[in-house]
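Asker: Pasting a structure here, questions to come.
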Amino acid sequence: MPLVYAGVCSHAPGIRGRADQADPVAKDALYAAMDDQRAAIAATNPDALIVIAAEHFANFFMNNMPTFAIGMADFYNGPIEDPAWLGIDKFEAPGNRSLSERLIREVMQTVDVAYAEEWLFDHGIAVPLSFLTPNFDLPVIPVNINCQGPPLTPLHRAYAFGEALRRAADSVPERIALVGTGGISHWPATPDSGKINEAWDRDFLDRWARNDRAALLDYDDAQVYADAGQGGFEIRTFITVSGAAAGSTGTVHHYEPIPIFAVGCTTASYDLG
Amino acid sequence: MSLYYVQKFLYELNRSPAVQQAYTADRHASLEGFTLSDEEIAALTEPDIGKLFHLGVNGQILMHFAAFHQIEWADYLQRMRDGIDAYGPVREGVYAMTGYEGVDAHAATLGQESRVADGAGNAGTSTNGS
Ligand SMILES: [Fe+2]
Chain A
21 MPLVYAGVCS HAPGIRGRAD QADPVAKDAL YAAMDDQRAA IAATNPDALI VIAAEHFANF
81 FMNNMPTFAI GMADFYNGPI EDPAWLGIDK FEAPGNRSLS ERLIREVMQT VDVAYAEEWL
141 FDHGIAVPLS FLTPNFDLPV IPVNINCQGP PLTPLHRAYA FGEALRRAAD SVPERIALVG
201 TGGISHWPAT PDSGKINEAW DRDFLDRWAR NDRAALLDYD DAQVYADAGQ GGFEIRTFIT
261 VSGAAAGSTG TVHHYEPIPI FAVGCTTASY DLG
Chain B
10 MSLYYVQKFL YELNRSPAVQ QAYTADRHAS LEGFTLSDEE IAALTEPDIG KLFHLGVNGQ
70 ILMHFAAFHQ IEWADYLQRM RDGIDAYGPV REGVYAMTGY EGVDAHAATL GQESRVADGA
130 GNAGTSTNGS
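The listed protein sequences derive, respectively, from chains A and B. So the first sequence is residues 21 to 293, counted in my numbering. So the second sequence is residues 10 to 139, counted in my numbering.
Rendered as C-alpha cells:
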C-alpha cells in the first residue's frame, strides 16, 4: 500500500526524564502536540510504524558502524537507559520480522543497509514510542542512520535512503507509517546542553516543509557543528523523511525551544495527498 | 591516547549489567583487555567526568556513566565545565572538530550568549544564531 504517514518529532531524553523540571506550560503544549501526532498516525490505520532514529551508541559502535541499519525482529526491548533516568519503564515493543525482511530486500536494491535481528531501543526510539504508541501495540520497524560517529552518512545519501524506504513501503501490502526522530540544533549531553539555535531551526524546518531537496542538502558538517551543535547532525533523519515524501510539502505543527529538554521540540508531517 | 578504547569500555558498561557488576566489584580489573593509558585508567576508575570529557568521550556515552555513578544532571554538566577549566580544550573526538574551548569561549566564537540550562530549571537561553 502507498505510505500512509510521514512525519518527524523530537526524541531528547529530557522530554521524559526531566519532564518535572520544565516550564509546565511549554511541557504540556509539547505533550499535546505529541498526542496529536499519535492521533494523526492512528487515523491512518497503520499496520506498522517505521521509526528512523539516530541512536546514541546503544547498539552500534565505532567497531562496526553501519551507515544505515534496519531492524528485522519480531520484538524489541527497551529502554537501554536506566528507566528512572529516562522516565520510561522497561517495555517490549512488537516488531514484524517478515515485513522487515521484505522492506530490507527492496531497500537493498539501491541502498546498502545493515540489518539487525536484535536491537535495544534507546531514547531515540523509546521517547517517540512512549507518546506515539504508548501501549506498545503497533509493530515497529527501527531504522538507524549514523549521525554520531564520523565519518557520518552524507546528507544526499540520507535523502536517497528515504526514497528507497518509500519505494519499499509502497511495494508491500501493509499500511506503513513513517516517523523520523532527532535534532534539530542542540548540544546534548555537553556543557552547552540547553543551548538552542532557534533561527537555525526555523530555517531548517522551512526547507523541510517545502521539501526543497537542494536546500535540505546544502549543509556541511563543520558548519552544522558550529551553528547547531553535534546534535544538529541528526537532521539526517528529517532529511530521510523528506526523501520518503519527495514531491509532497509539509506542515510544522509544533516548535518550541525547551532548554531543560536540550532541544527545540518539534512535530511536523508531510501531506502525502 | 586511546579514546576509542575508553569509549568502547563505557559503551559496554552502559549496555551490560555484567560489565556494570564487574566494574562495581573491581574497577581496575574490569578494565583489563582494553588498551588504555594510565591517565585513562585513572579517569575511568575515580571517576573523573571532567577528564573524560577533556579526553574526548562523547556525551551520549558519558552521560550514562555519570548517571551510573548517581551524578545528577546539573552536576554532570558542571563537572564537564570544570574539566575543561582544569585540563584545557577537548583533545580529540567529535567535539574537537572545530575546537572546544569551554562554554563561554565557544559561545563567543558563535556570537551567542553563553548562559545555558543549569539543570535547575529553565535557565537556558535560546539564541538567535546571529
Ligand atoms: Fe539524539
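Note that beta-carbon positions come from the ideal geometry of N, C-alpha and C, so glycine has one too. Keep in mind the model is a prediction, meaning the values are calculated, not measured.
Which word fits B/K17, buried or exposed, when buried means at least 16 other C-beta atoms lie within 10 angstroms of its C-beta?
Answerer: Its Cβ being crowded by 16 or more others within 10 Å, B/K17 is buried.
Asker: Compute the Euclidean distance between the alpha carbons of B/V125 and A/P154, then round it to the nearest angstrom.
Answerer: For B/V125, the pLDDT reaches just 45, beneath the cut-off of 50, and the residue's location in the model is therefore unreliable, although a value from the coordinates is still provided. Rounded to the nearest angstrom, the two C-alpha atoms are 32 Å apart.
Asker: Counting pairs of beta carbons, one from the stretch 238-254 of chain A and one from the stretch 263-281 of chain A, are three or more of them closer than 8 Å?
Answerer: The stretch 238-254 of chain A is not in contact with the stretch 263-281 of chain A.
Asker: Span of the alpha helix (DSSP H) holding A/V147?
Answerer: Start and end: 143-152.
Asker: Can you pull the chain B neighbours of A/F77, defined as C-beta to C-beta under 8 Å?
Answerer: Q16, Y20, N23, N67, Q69, I70
Asker: Could you give the distance in angstroms between the alpha-carbon of A/T286 and the alpha-carbon of A/E276?
Answerer: 7 Å
Asker: Taking C-beta to C-beta, are A/I165 and A/I72 nearer than 8 Å?
Answerer: Here A/I165 is near A/I72, since their CB atoms are less than 8 Å apart.
Asker: For A/A42 and A/M128, I'd like the C-alpha separation in whole angstroms.
Answerer: Using only the alpha carbons, I get a separation of about 43 Å.
Asker: Should B/H73 be counted as a contact of ligand 1 given a C-beta to heavy atom distance under 7 Å?
Answerer: no
Asker: Less than 6 Å between C-beta atoms, sequence neighbours within five positions excluded: which residues of the same chain meet that for A/G293?
Answerer: none
Asker: Interface residues of chain B around A/D102 at Cβ under 9 Å?
Answerer: Counting only Cβ-Cβ distances below 9 Å, A/D102 has contacts in chain B at H73, A76, F77, in chain order.
Asker: Would you say B/L53 faces chain A, with C-beta separation under 8 Å as the test?
Answerer: Answer no: the Cβ-Cβ gap between B/L53 and chain A never drops below 8 Å.
Asker: Between B/L45 and chain A, is there a C-beta pair that is closer than 8 Å?
Answerer: Not one chain A Cβ lies under 8 Å of B/L45.
Asker: For B/Q29 and B/N23, what's the separation of their Cα atoms in angstroms?
Answerer: 8 Å
Asker: Can you give me, in chain order, the residues of the stretch 34-45 of chain A that have a beta carbon less than 9 Å from any beta carbon in chain B?
Answerer: Those residues of the stretch 34-45 of chain A placed with their C-beta closer than 9 Å to a C-beta in chain B are G34, G37, R38, Q41, A42, D43, ordered along the chain.
Asker: Are the CB atoms of A/S262 and A/G202 within a distance shorter than 8 Å?
Answerer: no
Asker: I'd like the list of long-range same chain contacts for A/I278, defined as Cβ closer than 6 Å, with 5 residues on each side in sequence excluded.
Answerer: A42, A46, C285
Asker: With a threshold of 8 Å between beta-carbons, can B/L86 be considered close to chain A, or not?
Answerer: yes
Asker: Below 7 Å, is the gap between the Cβ of A/G270 and the nearest heavy atom of ligand 1?
Answerer: Flag unset: Cβ of A/G270 not near ligand 1.
Asker: Using a Cβ-Cβ distance under 8 Å, would A/M85 count as near chain B?
Answerer: no
Asker: Taking 8 Å as the cut-off, decide whether the C-beta atoms of A/F53 and A/H273 are in contact.
Answerer: For the record, residue 53 of chain A in the displayed sequence is Ala; it is not Phe. Yes, Cβ-Cβ distance for A/A53 and A/H273 is below 8 Å.
Asker: At what residue ranges does the stretch 137-207 of chain A contain a whole run of the alpha helix (DSSP H), taking only runs of 4 or more?
Answerer: 143-152, 175-191
Asker: CB A/D102 to CB A/G115, shorter than 8 Å?
Answerer: no
Asker: From the beta carbon of A/F81, is the nearest beta carbon of chain B less than 8 Å away?
Answerer: yes
Asker: Compare the C-beta of B/V103 against all C-beta atoms of chain A and say whether one is closer than 8 Å.
Answerer: It does; some Cβ of chain A falls within 8 Å.
Asker: B/Y13 versus chain E: which residues are under 9 Å apart at the beta carbon?
Answerer: The displayed structure is made up of protein chains A and B, and chain E is not among them.
Asker: Does ligand 1 have a heavy atom nearer than 7 Å to the CB of A/H176?
Answerer: no
Asker: If we ignore side chains and look at the alpha-carbon of each, how far apart do A/R186 and A/L23 end up?
Answerer: 7 Å
Asker: Count the other CB atoms, across all protein chains shown, that sit within 10 Å of the CB of A/K215; report buried if there are 16 or more and exposed otherwise.
Answerer: By the neighbour-count rule (16 or more Cβ atoms within 10 Å), A/K215 is buried.
Asker: Let me make sure I understand the geometry here. Which of A/P159, A/L50, A/P66 has the alpha-carbon closest to that of A/A190?
Answerer: The sequence given here has Asp at residue 190 of chain A, not Ala. It is A/P66 whose Cα lies nearest to the Cα of A/D190.
Asker: For A/R36, collect the residues of the same chain with a Cβ closer than 7 Å to its Cβ; drop the 5 residues on either side in sequence, then sort them by chain order.
Answerer: Only L106, G107, I108, V147, S150 meet the Cβ criterion.
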